[in-house]
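Enquirer:
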Amino acid sequence: METLRLEEVLVRDKFENLNGVTRLLTDEITPIAKNYFVLADDVVVRYRRDKGKYIFNVEITAERVKPYGAHI
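For the sequence shown, this note's numbering assigns the number 22 to the initial residue and increments by one for each residue that follows.
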């Protein structure tokens with residue numbers, strides 16, 4: 022019971038600091054994006070609330086897409 026309460030508090034605290042969440046997402050997504058693209062600019066993560074839900078948008082501006090896979 023106490024563990025569940027602590028988990029609820031931690032989740033609530035995380036989402037009360039959405040700027041921190043967007044920074045963390047940016048830090049996590051950027052290296053992945055670099056595997057697929059030559060970035061022209063920084064990855065941008067934005068959020069908004071709509072009807073009680075959080076909507077996150079990720080913007081990646083790329084110079085080009087890196088080649089991957091087998092080309093036949």
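C-beta: ideal position from N, C-alpha, C; glycine also. Bear in mind that the values here come from a model prediction, so they are computed numbers and not experimental data.
Measure how close the beta-carbons of Ile76 and Tyr89 come, nearest whole angstrom, since I'm counting them as under 8 Å.
Expert: Going by Cβ atoms, the distance from Ile76 to Tyr89 rounds to 29 Å, so no, they are not a contact pair.
Enquirer: If you draw a straight line from the C-alpha of Thr43 to the C-alpha of Glu84, how long is it?
Expert: The alpha-carbon atoms of Thr43 and Glu84 are separated by roughly 23 Å.
Enquirer: Would you mind listing the alpha helix (DSSP H) stretches within the stretch 25-92 that are 4+ residues and don't spill past its ends, in chain order?
Expert: Qualifying alpha helix (DSSP H) stretches, in chain order: 39-57.
Enquirer: Thr82 and Leu60 look like a contact to me (Cβ under 8 Å); what is the Cβ gap, rounded to whole Å?
Expert: Sure, about 7 Å apart at Cβ, within 8 Å.
Enquirer: Tell me which same chain residues have a C-beta within less than 6 Å of the C-beta of Asn78, skipping the five on either side of it?
Expert: Counting only Cβ-Cβ distances below 6 Å, and skipping sequence neighbours, we find Arg67.
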